[in-house]
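Here the structure comes first, spelled out in structure tokens, and everything after it is commentary.
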Amino acid sequence: MTDQPSTSRTAIVTGAARGIGAAVARRLAADGFAVAVLDLDESACAAVVSEIEAAGGRGLAVGVDVSDEAAVQSAVERVVDGLGAPTVLVNNAGIIRDNMLFKMTTDDWDAVMGVHLRGSFLMTRAAQKHMIDAKWGRIVNLSSTSALGNRGQANYAAAKAGLQGFTKTLAIELGKFGVTANAIAPGFIASDMTRQTAERMGITFEQFLEGAAKEIPVGRVGQPDDIAATAAFLVRDDASFVSGQVIYVAGGPKA
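Using full-length UniProt numbering, you'd call the opening residue of the sequence shown number 1 and step up by one each time.
Below, the structure is given as structure tokens:
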């Protein structure tokens with residue numbers, strides 16, 4: 001257990017049925033938070049909630065399309081009723097619709113912006129009032145090294161860069177209420193999303209991982225738990241002077 005208070009705080013993690021989101025949910029539960037596991041498919045969240053509960057924690061599965069304003073409001077209300085008012089929010093939900101600019105459709109663009117940017121905005125707007133009431137809160141947004149630019153990801157890169165500006169503005173607006181906002185920008189993480197990229201490239205996932213590791217100074221690709229560990233630090237009480245920052249968790253100084 002970390003330095004969390006005896007009265008359990010409630011955390012929301014979006015896109016938490018698998019990958020980075022699931023790792024963050026499990027880690028926060030291990031650190032003493034009650035954790036709402038949110039994803040598009042509520043049934044897909046059940047396994048993560050079961051793991052949390054089996055370890056002695058409290059979890060709640062909630063299905064939500066984070067780009068749907070009414071659905072977001074309803075989801076947050078379910079969290080309040082089921083676990084208590086949320087004072088930690090990890091905006092992790094995301095999708096990819098990769099393509100070169102001349103092939104990218106308007107739907108590809110809108111879908112990615114809807115989940116990453118609109119979704120983070122809607123979730124944060126719905127949750128922040130509970131943080132302000134508590135005079136304590138932590139917001140962690142998942143950006144990416146792709147925010148620095150990445151071939152075939154004009155939509156994803158723009159959304160992830162936008163999240164950095166969103167994060168810094170939240171830090172400015174909410175700081176006086178005891179709320180911090182930070183972004184984590186993962187580098188290459190072995191996940192379902194990177195597996196999809198390998199398939200699109202026509203190579204095996206193992207080949208993709210091996211090639212990526214050669215370009216990373218620490219000599220390995222990242223794992224979801226690497227991101228979870230960073231999130232766990234940012235939501236601690238003693239991280240209260242860290243706000244408005246973008247932490248690149250990429251095994252080296254460059255994307």
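Glycine included, each C-beta is placed from N, C-alpha and C at the ideal position. Note that the structure is predicted; figures quoted are calculated from it, not measured.
Residue state for residue 86 is assigned as strand, using DSSP reduced to three classes.
Just measuring C-alpha positions, the residue of 252, 11, 121 and 137 sitting nearest residue 78 is 11.
By the Cβ criterion, the region 123 to 133 is not in contact with the region 183 to 199, since fewer than three pairs of Cβ atoms, one from each stretch, lie closer than 8 angstroms. Contact between the region 22 to 32 and the region 103 to 115 is not established, with fewer than three Cβ pairs separated by less than 8 angstroms. With respect to the 8 angstroms criterion, residue 52 and residue 64 are not classified as neighbours on the basis of their beta carbons.
Secondary structure at residue 171: helix, using DSSP grouped into helix, strand and coil.
Within the model, the alpha-carbon separation for residue 82 versus residue 240 is close to 27 angstroms. The residues 198, in chain order, have a CB closer than 8 angstroms to that of residue 204 in the same chain once the five nearest residues on each side in sequence are set aside. A Cβ-Cβ contact shorter than 8 angstroms links residue 216 with residue 251.
In the DSSP assignment, residue 189 falls outside any beta strand (DSSP E), carrying neither H nor E. Counting along the chain, no alpha helix (DSSP H) covers residue 219, and no H or E run does either. Taken through DSSP and simplified to helix, strand or coil, residue 196 comes out as helix. Annotated three-state conformation of residue 245 is coil, per DSSP. As the crow flies, the alpha-carbon of residue 237 is around 24 angstroms from that of residue 38.
Between residue 122 and residue 88, the gap from beta carbon to beta carbon reaches 8 angstroms or more. The DSSP-derived three-state label of residue 66 is coil. Taking C-beta separations shorter than 6 angstroms and ignoring five residues to either side along the sequence, the partners of residue 178 in its chain run 135 and 136, following chain order.
Under a 10 Å Cβ-count criterion, residue 180 is classified as buried, with 16 or more other Cβ atoms of the shown protein chains found around its own Cβ. With at least 16 other beta carbons inside 10 angstroms of its own, residue 138 counts as buried. Cβ atoms of residue 150 and residue 112 stay farther apart than 8 angstroms, at about 13 angstroms. Only residues of its own chain outside the window of five on either side were considered, and among them 244 have a CB closer than 8 angstroms to the CB of residue 172, listed in chain order.
Taken in chain order, the whole beta strand (DSSP E) runs of length 3 or more contained in the region 119 to 160 are 137 to 142.
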